[in-house]
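Everything below concerns the one structure shown next.
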Amino acid sequence: MSTNSEKHDVPTSGFKGSDLPPYITDDPPKAFIIGGGLSGLFLGNLLEKANIPYEIFEPAPSKRRPMDDLMKLSRPTQTFNLYTADMGTIAKLIADEVRYDRVLFARPELYDLFLRRILREKIHLSKKLMSLQQNHQGVMAGFSDGSTIHGGALVGADGVHSAVRHHLFNTMKEQGKLPANDMKSMNRGYMCFLGTTNPLDPVKSPGVADEESCNAMNIGDKSSPYTASESNKKMLNNLRHFKIIYGTLDYIFDATNDEGISRFFFEDMLMLPSTGAGAINGMQDAVILANRLYDIQPTSFETIKTALSDYRDECFDNVKSQHSITYMSARLQFDHMQNRQVLKDNVFRPQVNFLPQVPPRGTVKIIPQRPSTRRPEGRRN
Numbered sequence: 001m002s003t004n005s006e007k008h009d010v011p012t013s014g015f016k017g018s019d020l021p022p023y024i025t026d027d028p029p030k031a032f033i034i035g036g037g038l039s040g041l042f043l044g045n046l047l048e049k050a051n052i053p054y055e056i057f058e059p060a061p062s063k064r065r066p067m068d069d070l071m072k073l074s075r076p077t078q079t080f081n082l083y084t085a086d087m088g089t090i091a092k093l094i095a096d097e098v099r100y101d102r103v104l105f106a107r108p109e110l111y112d113l114f115l116r117r118i119l120r121e122k123i124h125l126s127k128k129l130m131s132l133q134q135n136h137q138g139v140m141a142g143f144s145d146g147s148t149i150h151g152g153a154l155v156g157a158d159g160v161h162s163a164v165r166h167h168l169f170n171t172m173k174e175q176g177k178l179p180a181n182d183m184k185s186m187n188r189g190y191m192c193f194l195g196t197t198n199p200l201d202p203v204k205s206p207g208v209a210d211e212e213s214c215n216a217m218n219i220g221d222k223s224s225p226y227t228a229s230e231s232n233k234k235m236l237n238n239l240r241h242f243k244i245i246y247g248t249l250d251y252i253f254d255a256t257n258d259e260g261i262s263r264f265f266f267e268d269m270l271m272l273p274s275t276g277a278g279a280i281n282g283m284q285d286a287v288i289l290a291n292r293l294y295d296i297q298p299t300s301f302e303t304i305k306t307a308l309s310d311y312r313d314e315c316f317d318n319v320k321s322q323h324s325i326t327y328m329s330a331r332l333q334f335d336h337m338q339n340r341q342v343l344k345d346n347v348f349r350p351q352v353n354f355l356p357q358v359p360p361r362g363t364v365k366i367i368p369q370r371p372s373t374r375r376p377e378g379r380r381n
């Protein structure tokens with residue numbers, strides 16, 4: 001997922017012809033990752049472990065520097081409480097059946113954790129993708145600075161306004177292969193406020209000093225505003241009376257500088273931005289893609305194409321499920337539905353095939369994972 005939220009110029013489409021014989025080698029394919037956000041950096045970390053060559057190309061001119069190391073950043077929580085607008089309890093969910101704590105941390109800290117494990121020479125900034133060409137020899141990408149790259153696989157990790165996706169869609173549309181649904185707008189109409197307070201007084205905010213995080217959500221009623229002025233200040237004033245577990249939002253707003261609050265309109269989101277679903281899905285995809293790239297032997301146009309097809313098949317059902325949750329989440333108001341959804345979200349637990357496996361936890365039955373084709377149980381007949 002790219003941290004650059006601007007819409008990219010649509011890259012040119014094309015198919016590069018070649019009279020050369022198909023490229024085949026015993027070396028792993030070199031992967032080019034377009035986008036240096038969480039998903040791109042996470043995939044880079046996995047490919048580093050698998051000894052698969054890669055480089056990351058980020059459109060932005062600079063990157064802010066915003067397990068064991070992860071747990072040092074986090075304060076876990078074992079519960080998730082859901083309340084009405086008047087603080088009536090709708091549901092209290094406990095992770096007994098899942099056996100994983102909810103690990104909460106600031107996104108910049110996770111980003112920095114991933115970034116520290118990437119060699120500086122493998123990240124290229126100010127690389128805005130403008131063209132793609134591919135054939136049986138590989139893939140070639142061109143950037144706005146006139147440079148080009150050649151490799152075995154190109155990964156689009158550049159966000160919802162992905163230049164890679166624009167290229168693929170344009171090419172598929174020209175070939176008459178683009179489904180009609182993919183031509184429609186992805187508008188979901190979400191709006192989200194993001195803010196960081198100044199240091200809070202533990203006396204007025206008891207949870208600040210706790211070792212365990214507090215995780216709660218309020219579902220508004222008919223009195224909650226669903227329209228907003230263009231001014232952040234005016235909209236915040238409309239929200240000051242909203243109840244939270246420690247009182248109302250007014251003291252949170254008062255402890256936040258105006259420049260520390262941003263409003264984001266998520267008009268093209270397929271997944272809920274407030275839950276981090278897009279970033280989580282992107283990192284799950286990175287695990288599966290790394291597994292499929294690791295299994296490529298030998299490297300050729302056909303083996304790469306098969307690996308990417310397998311990746312799509314393994315990811316598709318989970319993406320559809322997350323998309324449907326976008327419609328459902330705001331309407332869930334009953335305990336049994338919440339618990340059922342939490343369990344459903346946790347049955348998809350892809351693991352990296354080329355690292356030691358984590359034993360299953362909890363009582364829920366997780367979705368079986370396709371084993372590596374480098375192992376006897378994963379080889380095709």
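Residue numbers (UniProt numbering): 1 to 381.
We put the CB at the ideal spot given by N, CA and C, even for glycine.
Remember, it's a predicted structure, so these values are computed and weren't measured experimentally.
- One thing to note: residue 114 has its Cβ within 9 Å of the Cβ of residue 41.
- The three-state reading of DSSP puts residue 92 in strand, counting E and B together.
- Only residues of its own chain outside the window of five on either side were considered, and among them 299 have a CB closer than 7 Å to the CB of residue 27, listed in chain order.
- A distance of 9 Å or more separates the beta carbons of residue 174 and residue 125.
- For residue 76, the enclosing beta strand (DSSP E) stretches over residues 75-77.
- Rounded to the nearest whole angstrom, the CA to CA distance from residue 289 to residue 53 is 14 Å.
- Residue 39: member of the alpha helix (DSSP H) spanning 38-49, first to last residue.
- Across the structure, residue 137 and residue 308 are spaced so that their CA atoms are roughly 16 Å apart.
- Residue pairing of residue 55 in beta bridges, as defined by DSSP: 32.
- Straight through space, the alpha carbons of residue 31 and residue 365 are spaced by roughly 34 Å.
- In the DSSP assignment, residue 102 forms a beta bridge with 77.
- Residue 36 has its alpha-carbon roughly 9 Å from the corresponding atom of residue 60.
- The beta carbons of residue 118 and residue 237 sit about 43 Å from each other, so the pair does not count as a contact at 8 Å.
- Between the C-alpha atoms of residue 77 and residue 178 there is a straight-line separation of about 43 Å.
- Judged by DSSP in its simplified three-state form, residue 153 adopts strand.
- Shown here, residue 243 sits in a strand according to DSSP, grouped into three states.
- Closest by C-alpha distance to residue 156, out of 172, 148, 132, 145, is 132.
- Between the alpha carbons of residue 80 and residue 104 lies a gap of roughly 12 Å.
- The three-state reading of DSSP puts residue 278 in helix, counting H, G and I together.
- According to DSSP, residue 218 shares a beta bridge with 83.
- Taking all protein chains in view, the Cβ of residue 29 is crowded by 16 or more other Cβ atoms within 10 Å, so the residue is classified as buried.
- In the DSSP assignment, the residues bridged to residue 299 are 25.
- In this model, residue 172 and residue 142 are separated by some 19 Å (Cα to Cα).
- In its chain, beyond the 5 residues on either side, 197 have a beta carbon closer than 7 Å to the beta carbon of residue 252.
- Residue 283 has its alpha-carbon roughly 33 Å from the corresponding atom of residue 85.
- In this structure, the beta-carbon distance from residue 353 to residue 374 falls below 9 Å.
- Secondary structure of residue 148 (DSSP, three-state): strand.
- Put simply, of 257, 215, 180 the residue whose alpha carbon is nearest the alpha carbon of residue 92 is 215.
- In the displayed model, residue 304 falls within a helix according to three-state DSSP.
- Sorting 107, 50, 47 by C-alpha distance to the C-alpha of residue 280 places 107 at the top.
- Taking the CA atoms as reference points, residue 243 sits about 28 Å from residue 278.
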